[in-house]
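Structure first, commentary second.
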Amino acid sequence: MENVTEAFTYTYTPREYHYTLYYYDQSGQLVKTVPPKGVHPLASDQVDRVINQGTEVNPAHTLPSYYRYDSRNQLRIQESPDGGESDFWYDRAGQLRLSQNAVQSAADAYSYTRYDHLGRVVETGEMESTESRSQLLENIEDPGFPDHQTYTCYDITLTSYDQPISGKYPGFEQEYLRTRVSWTAMVEKDRTDTIFTAYSYDAHED
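For the sequence shown, the numbering used here assigns the number 2 to the initial residue and increments by one for each residue that follows.
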């Protein structure tokens, strides 16, 4: 039984479906994604060239989205095939104050967020401004920015904490409001009515 050679053949059906690719930098931040439609795996002959010849072959993935961060690892710029570029700006406390997507950029519009002294969101909405970027970055350090007298604001959502809303809902008593949302109000663009929602809780925060 010398010089005997056996050959085994194994066949199988690959069960590979959709892939979404995620790329990270050395600090663990997500910097690039590729959706299933944009993933183009290497063909078998390309894989063979890599294995047998050591030839470098890079997959031709398409439709990538990119993410860039500031020095505090906060998302600063996002680019995607369908949404274009979105920018995000933070104040010195690291709170997101302004953002702008490609559609808003064409209309000189921004999404904004305001906070109270405890860092809780008290107002969100959209605003219009033709001010320079440097001026806006200076303005976001003002907790009252944007004020409704200076800027055109719309699609506004107000959020209040701790204190009940007085005189709005007779017979409705709000309880256990400390550190919790008391009420919200929404004012949509091109509408004159306001949508109010008031909250009350039991001792178990429900």
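Where is the CB? At the ideal position from N, CA and C, for every residue including glycine.
Helix, strand or coil for residue i per DSSP?
| i | result |
| --- | --- |
| GLY39 | helix |
| GLN79 | strand |
| ALA107 | helix |
| ASP46 | helix |
| SER183 | strand |
| VAL5 | coil |
| ILE52 | helix |
Considering only residues of the same chain and omitting the five flanking positions on each side of residue i, which have a CB-CB separation below 6 Å?
| i | result |
| --- | --- |
| ILE78 | ARG69, ASP88 |
| SER209 | Missing from the structure shown is residue 209; the chain here goes from 2 to 207 and no further. |
| TYR155 | GLU127, LYS190 |
| SER161 | SER183, TRP184 |
| ILE166 | TRP184, ALA199 |
| GLY85 | ALA103 |
| TYR13 | none |
| GLN75 | TYR91 |
| GLU176 | SER201 |
With residue i as the anchor, note down where its beta strand (DSSP E) starts and where it stops.
| i | result |
| --- | --- |
| ILE157 | 153 to 162 |
| GLU139 | Note, GLU139: premise wrong, no beta strand (DSSP E); alpha helix (DSSP H) at 134 to 140. |
If I follow the unbroken alpha helix (DSSP H) through residue i, where does it start and stop?
| i | result |
| --- | --- |
| LEU97 | First-last for LEU97: 97 to 101, but that is the beta strand (DSSP E), not the alpha helix (DSSP H). |
Where DSSP assigns a beta bridge to residue i, which residues make up the other side?
| i | result |
| --- | --- |
| TYR70 | LEU76 |
| THR131 | Paired residue(s): none; THR131 is not in a bridge. |
| VAL188 | ILE157 |
| ASP88 | ILE78, GLN101 |
| LEU22 | VAL35 |
| ARG115 | GLU124 |
| ALA199 | TRP184 |
What distance in whole Å lies between the Cβ atoms of residue j and residue i, which are believed to be in contact at a cut-off of 8 Å?
| i | j | result |
| --- | --- | --- |
| TYR20 | PRO37 | 6 Å |
| PHE197 | ALA186 | 5 Å |
| LEU97 | THR114 | 6 Å |
| THR153 | GLU129 | 5 Å |
| VAL35 | HIS62 | 5 Å |
| GLY39 | LEU64 | 3 Å |
In chain order, what residues of the same chain have a beta carbon less than 8 Å from the beta carbon of residue i, not counting five sequence neighbours either side?
| i | result |
| --- | --- |
| GLN164 | LEU178, SER183 |
| ARG73 | TYR91, GLY95 |
I'd like the list of long-range same chain contacts for residue i, defined as Cβ closer than 7 Å, with 5 residues on each side in sequence excluded.
| i | result |
| --- | --- |
| PHE173 | ALA199 |
| VAL58 | LEU43, GLN47, ARG50, VAL51 |
| VAL188 | ILE157, THR195 |
| ASP109 | GLU129, SER130, THR131 |
| ALA1 | The chain is shown only over 2 to 207; residue 1 falls outside these bounds and no answer can be derived. |
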